[in-house]
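Mapped onto my numbering, the consecutive letters of the sequence shown carry residue numbers 7 to 504. Just so it is clear, CB atoms sit at the ideal spot from N, CA and C, and this is done for glycine as well. Note that the coordinates shown come from a computational prediction; the quantities given were computed from them, not determined experimentally. Data first, discussion second: the structure below is written as structure tokens.
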Amino acid sequence: MELDDPSQQQQQADDHHETESTCPKQQHSENPEKDNHELKEQKQQPTPESATIATDHQEQTKKKDVANKSTNSSTSSTSKIDKTPRVDSQLSKKQHIQREMDALTKSVKVLRTHYQLVDKIGSGTFSSVYKALDIRYDTYDNSWWDVSNPSSDTNSENMDETGNTRRNKKADKQQQRFVALKQIYATSSPKRMAHEIKILQDLRGSSCISQLITAFRHNEFVFLVMPYFQHNEFKDCYRNMTMTDTKYYLISLLTALKHLHSHRILHRDIKPNNFLYNMRLKTGMLIDFGLAQSTPQLISSNAGKPPKPLATKSMNNGDENKTRKPGYIKNDTRKSVKANRAGTRGFRAPEVLLRVTHQTVAIDIWSVGVTLLSILSGRFPFFIAHDEGESLIEIASIFGMKEMKECAALHNRTFETNIETIPAVRKSLHKLCQVLNTEKFKLWTEDNKQNVLNAMDLMEKMLALDYTKRITAEEALNHPFLSDSPLPPSLSSTSSSL
Ligand code: ADP
Ligand code: MG
Numbered sequence: 007m008e009l010d011d012p013s014q015q016q017q018q019a020d021d022h023h024e025t026e027s028t029c030p031k032q033q034h035s036e037n038p039e040k041d042n043h044e045l046k047e048q049k050q051q052p053t054p055e056s057a058t059i060a061t062d063h064q065e066q067t068k069k070k071d072v073a074n075k076s077t078n079s080s081t082s083s084t085s086k087i088d089k090t091p092r093v094d095s096q097l098s099k100k101q102h103i104q105r106e107m108d109a110l111t112k113s114v115k116v117l118r119t120h121y122q123l124v125d126k127i128g129s130g131t132f133s134s135v136y137k138a139l140d141i142r143y144d145t146y147d148n149s150w151w152d153v154s155n156p157s158s159d160t161n162s163e164n165m166d167e168t169g170n171t172r173r174n175k176k177a178d179k180q181q182q183r184f185v186a187l188k189q190i191y192a193t194s195s196p197k198r199m200a201h202e203i204k205i206l207q208d209l210r211g212s213s214c215i216s217q218l219i220t221a222f223r224h225n226e227f228v229f230l231v232m233p234y235f236q237h238n239e240f241k242d243c244y245r246n247m248t249m250t251d252t253k254y255y256l257i258s259l260l261t262a263l264k265h266l267h268s269h270r271i272l273h274r275d276i277k278p279n280n281f282l283y284n285m286r287l288k289t290g291m292l293i294d295f296g297l298a299q300s301t302p303q304l305i306s307s308n309a310g311k312p313p314k315p316l317a318t319k320s321m322n323n324g325d326e327n328k329t330r331k332p333g334y335i336k337n338d339t340r341k342s343v344k345a346n347r348a349g350t351r352g353f354r355a356p357e358v359l360l361r362v363t364h365q366t367v368a369i370d371i372w373s374v375g376v377t378l379l380s381i382l383s384g385r386f387p388f389f390i391a392h393d394e395g396e397s398l399i400e401i402a403s404i405f406g407m408k409e410m411k412e413c414a415a416l417h418n419r420t421f422e423t424n425i426e427t428i429p430a431v432r433k434s435l436h437k438l439c440q441v442l443n444t445e446k447f448k449l450w451t452e453d454n455k456q457n458v459l460n461a462m463d464l465m466e467k468m469l470a471l472d473y474t475k476r477i478t479a480e481e482a483l484n485h486p487f488l489s490d491s492p493l494p495p496s497l498s499s500t501s502s503s504l
């Protein structure tokens with residue numbers, strides 16, 4: 007575990023999907039223009055019907071290549087410019103983005119008539135996200151999703167009748183015209199795209215969850231349109247968060263999860279990059295349902311059968327373990343266990359790392375616990391291992407051998423390691439955070455010691471190794487750390503939908 011320089015670690019916290027569930031089968035249209043299916047009226051399904059199985063790391067690399075190629079092919083004028091190094095070197099990042107957006111607008115008819123791209127705000131293996139102006143905003147009734155966007159907040163500083171307030175209201179009204187346009191590449195399977203849309207549709211009206219305004223398809227690309235949500239980057243604000251900020255952050259995130267989990271949906275990729283938080287408005291928005299799963303699908307066909315031994319490399323059994331140097335077994339002959347391991351490294355629950363086939367909504371709560379650990383320890387990302395074996399070792403270095411063995415046994419696995427520095431019993435998370443975040447801890451404790459103790463207690467309950475004992479989103483919202491806190495302004499006006 008590297009705990010020294012959080013700024014350098016940030017890079018590694020970026021989206022990293024490792025999944026066994028997708029393999030693109032692209033369908034190319036002979037008539038691209040005909041394929042611009044607006045979903046505003048929900049008349050047609052935007053995604054082709056094809057679904058396939060499972061790939062691993064190598065496949066992900068291939069997908070990245072395909073993604074790059076797909077992007078280039080869709081922005082052919084950009085590609086031409088990129089091939090000229092002299093021009094390329096003179097172009098600023100901003101100009102590059104502008105050219106990319108111009109090319110995209112040129113090739114996608116709906117963009118020309120409906121959305122004016124203003125900035126690129128995210129890009130990953132499976133998608134690019136743009137900030138865009140909804141040109142036809144006034145043509146539609148947007149009230150249902152404006153309400154859930156905190157830009158329309160009427161309870162905070164916008165309430166008093168000063169000149170400032172009016173300016174804020176006007177600015178906020180302007181903000182509502184912006185949307186986040188998520189362009190999903192063909193590298194994501196059609197099944198996965200359809201699933202993301204279906205989940206967003208099912209969750210319409212839920213507080214703290216990104217609302218789907220509409221969706222459309224252009225050739226192999228699917229576009230999701232969501233309200234643009236102004237937010238603070240977690241990496242810029244987690245070190246400055248007060249205990250009150252932390253409470254509001256958690257209340258919004260757990261409220262989103264409470265909704266999600268009550269629909270028996272598992273997000274599977276909970277992390278700060280997928281939860282947009284606005285410090286001023288004290289509220290947040292859960293996004294990115296690309297890996298989300300409905301729980302009935304989580305029960306795999308081999309549930310109930312005795313689990314097979316694991317091939318996770320840093321685990322080993324027997325006498326050989328004592329004589330071998332610490333490290334990996336190069337040629338592990340044990341049969342590999344297949345389980346959904348999608349998610350982001352550092353945020354995966356122990357049962358995901360142990361490749362347990364039956365996974366529950368509790369894996370999302372573990373990820374919230376890791377996020378809280380970042381806030382309380384002042385270290386982000388907290389866990390940085392590159393593979394499952396290393397990740398288990400990182401967790402074991404805090405929770406100790408005894409509990410790791412018990413956790414593994416719960417899932418009919420064994421956990422062994424000859425790394426001597428791993429403690430027999432768990433370290434105190436409280437002490438760990440105190441050591442790593444001494445100054446903040448002093449301030450927090452001086453201010454309200456009980457608050458700190460409550461925060462620690464909640465974090466420990468979220469980071470229960472045994473998923474059956476892990477606190478639920480609803481229970482967490484009623485935990486003393488959060489229950490005495492007033493609801494964030496945006497939630498107190500929409501609490502009926504909780
Ligand atoms: P990916 O599947 O590529 O991770 P996400 O849906 O997580 O895509 O979006 C990537 C990034 O785009 C986010 O981290 C955020 O910065 C930005 N983004 C996504 N949706 C919105 C939104 N509704 N409002 C503002 N920014 C957004
Ligand atoms: Mg994401």
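If you draw a straight line from the alpha carbon of F388 to that of K277, how long is it in whole angstroms? Counted from its first residue, the sequence shown places residue 388 at position 382. Counted from its first residue, the sequence shown places residue 277 at position 271. About 12 Å.
Please list, in chain order, all residues of the same chain as A414 whose beta carbon is under 7 Å from its beta carbon, the five residues on each side excluded. Walking along the sequence shown from the start, residue 414 turns up at place 408. Excluding positions up to five away in sequence, the list reads L360, T420 and F421.
Taking 7 Å as the cut-off, is the CB of D490 close to at least one heavy atom of the ligand MG? Residue numbering aside, residue 490 sits at position 484 when the sequence shown is read from its first letter. Answer for D490: no, Cβ out of range of the ligand MG.
Using a Cβ-based criterion (distance less than 7 Å to any ligand heavy atom), does N484 qualify as near the ligand MG? By 1-based counting over the sequence shown, the position of residue 484 is 478. No, since every heavy atom of the ligand MG falls outside the 7 Å radius drawn around the Cβ of N484.
Local Cβ density within 10 Å of R351, reported as buried at 16 or more and exposed below that: The count along the sequence shown starts at 1 and reaches residue 351 at position 345. Burial check for R351: the Cβ neighbour count within 10 Å reaches 16 or more, so the residue is buried.
Since I believe L187 is in contact with I203 (beta carbons under 8 Å), could you give me their beta-carbon distance rounded to a whole number of angstroms? On the sequence shown, residue 203 is found 197 positions in, with the first residue counted as 1. On the sequence shown, residue 187 is found 181 positions in, with the first residue counted as 1. Contact between I203 and L187 does not hold, since their C-beta atoms are separated by about 14 Å, which reaches or exceeds 8 Å.
What would DSSP say about L493, mapped onto helix, strand or coil? Taking the sequence shown and counting its residues from 1, one reaches residue 493 at position 487. Of the three classes helix, strand and coil, the one that applies to L493 here is coil, per DSSP.
Note the first and the last residue of the continuous alpha helix (DSSP H) segment covering N460. Stepping through the sequence shown from its first residue, residue 460 is reached at position 454. Taken as a continuous stretch (DSSP letters only), the alpha helix (DSSP H) holding N460 covers K455 to M468.
For L438 versus S383, is the C-beta spacing smaller than 8 Å? Sequence index remark: in the sequence shown, residue 438 carries index 432 (1-based). Sequence index remark: in the sequence shown, residue 383 carries index 377 (1-based). The answer is yes: Cβ separation under 8 Å.
Locate the beta strand (DSSP E) running through S213, then write down its first and last residues. Walking along the sequence shown from the start, residue 213 turns up at place 207. No residue range can be given for S213, since it is assigned to no beta strand (DSSP E) and is classified by DSSP as neither H nor E.
Starting from Q189, follow the beta strand (DSSP E) in both directions and report where the run begins and ends. Start at 1 with the first residue of the sequence shown, and residue 189 comes out as number 183. Start and end: F184 to I190.
Between P196 and the ligand ADP, is the CB less than 7 Å from at least one heavy atom? Indexing the sequence shown from 1 puts residue 196 at position 190. No, the Cβ of P196 stays beyond 7 Å of every heavy atom of the ligand ADP.
Give the single residue among F184, M249 and G128 whose Cα lies nearest to the Cα of L488. Position 482 of the sequence shown, counted from the start, is the residue given in the question as residue 488. The shortest C-alpha to C-alpha distance from L488 to any of F184, M249 and G128 is the one to M249.
Presumed contact (8 Å Cβ cut-off) between A430 and G406, rounded CB distance: The residue given as residue 430 occupies position 424 in the sequence shown. The residue given as residue 406 occupies position 400 in the sequence shown. The beta-carbon separation of A430 and G406, rounded to 6 Å, stays under the 8 Å limit for a contact.
Cβ-heavy atom distance between G130 and the ligand MG below 7 Å? For the purposes of this step, residue 130 is taken as the residue at position 124 of the sequence shown. Indeed, a heavy atom of the ligand MG lies less than 7 Å from the Cβ.
So is the beta-carbon of L287 under 7 Å away from any non-hydrogen atom of the ligand ADP? As a first step, residue 287 is located in the sequence shown; it is residue number 281 there, counting from the start. Relative to the ligand ADP, L287 has its C-beta separated by 7 Å or more from all heavy atoms.
Rounded to a whole number of angstroms, what is the C-alpha to C-alpha distance between N161 and T377? Translated into the one-based positions of the sequence shown, residue 161 becomes position 155. Translated into the one-based positions of the sequence shown, residue 377 becomes position 371. Only weak support exists for where N161 lies, its pLDDT of 39 falling under 50; the value from the coordinates is given anyway. So the alpha carbons of these two residues sit roughly 28 Å apart.
Can you name, in chain order, every residue of its own chain whose Cβ lies under 8 Å from the Cβ of L483, other than the five neighbours on each side? As a first step, residue 483 is located in the sequence shown; it is residue number 477 there, counting from the start. Residues I257, L260, T261, K264 and S489 of the same chain have their beta carbon placed closer than 8 Å to that of L483, with the five preceding and five following residues left out of the count.
Exposed unless 16 or more other CB atoms sit within 10 angstroms - verdict on P196: Residue 196 sits at position 190 when you count from the first residue of the sequence shown. Answer is buried; the Cβ neighbour count reaches 16.
What residue from S213, T193, R286 and S373 has the CA that sits closest to H273's CA? Position 267 of the sequence shown, counted from the first residue, corresponds to residue 273. For H273, the closest C-alpha among the options S213, T193, R286 and S373 is that of S373.
Closer than 7 Å to a non-hydrogen atom of the ligand ADP - does that hold for the CB of H237? Sequence index remark: in the sequence shown, residue 237 carries index 231 (1-based). Flag set: Cβ of H237 near the ligand ADP.
Could you check if N418 is buried or exposed, using at least 16 other CB atoms within 10 Å of its CB as the buried criterion? Here residue 418 refers to the residue found at position 412 of the sequence shown. N418 is exposed by the Cβ-count criterion.
For E394, which option in R105, A355 and L379 has the closest C-alpha, if you only look at C-alpha atoms? Counted from its first residue, the sequence shown places residue 394 at position 388. Closest option to E394, Cα to Cα, is A355.
Would you grab the beta carbon distance between M107 and L97 for me? Rounded to a whole angstrom, and I think it's under 8 Å. Your numbering for residue 107 matches position 101 in the sequence shown. Your numbering for residue 97 matches position 91 in the sequence shown. The Cβ separation is near 14 Å, so there is no contact.
Residues bridged to P233 (per DSSP): Translated into the one-based positions of the sequence shown, residue 233 becomes position 227. For P233, the beta-bridge partners assigned by DSSP are V185.
What are the start and end residues of the beta strand (DSSP E) that includes G128? Counted from its first residue, the sequence shown places residue 128 at position 122. Here the beta strand (DSSP E) through G128 covers Y121 to S129.
Tell me, which residues are paired with K137 by DSSP? To locate residue 137, count along the sequence shown from 1; it is residue 131. By DSSP's assignment, K137 forms a beta bridge with D125 and A186.
Roughly how many angstroms separate the alpha carbons of P492 and D275, rounded to a whole number? Here residue 492 is taken as the residue at index 486 of the sequence shown, counted from 1. Here residue 275 is taken as the residue at index 269 of the sequence shown, counted from 1. If you take the alpha carbons of P492 and D275, they lie about 28 Å apart.
Comparing the CB of I505 with every heavy atom of the ligand ADP, is any distance shorter than 7 Å? Beyond the ends of the chain as shown, which are 7 and 504, falls residue 505; an answer cannot be given.
With a threshold of 7 Å (Cβ to nearest heavy atom), would D294 be considered close to the ligand ADP? As a first step, residue 294 is located in the sequence shown; it is residue number 288 there, counting from the start. At least one heavy atom of the ligand ADP falls within 7 Å of the beta-carbon of D294.
In this structure, does DSSP put L398 in helix, strand or coil? The residue given as residue 398 occupies position 392 in the sequence shown. Looking at L398 - three-state DSSP - the assignment turns out to be helix.
Nearest residue (CA-CA) to Q299, options N280, L292 and R270: The sequence position of residue 299 within the sequence shown is 293, counting from 1. Per the Cα distances, R270.
Given 8 Å as the limit, is there contact between the stretch 199-215 and the stretch 291-298, that is, 3 or more CB pairs closer than that? In short, these stretches touch, since the Cβ pair count reaches three.
For S216 and L292, the rounded distance between their alpha carbons: Translated into the one-based positions of the sequence shown, residue 292 becomes position 286. Translated into the one-based positions of the sequence shown, residue 216 becomes position 210. The C-alpha of S216 is placed about 6 Å away from the C-alpha of L292.
Would the C-beta of Q280 count as close to the ligand MG, meaning under 7 Å from any of its heavy atoms? As a working note, residue 280 is residue 274 in the sequence shown. Note that residue 280 corresponds to Asn in the displayed sequence, not to Gln. Checking the Cβ of N280 against the ligand MG gives yes.
A109 in three-state terms, based on DSSP: Residue numbering aside, residue 109 sits at position 103 when the sequence shown is read from its first letter. DSSP places A109 in helix when its eight states are reduced to three.
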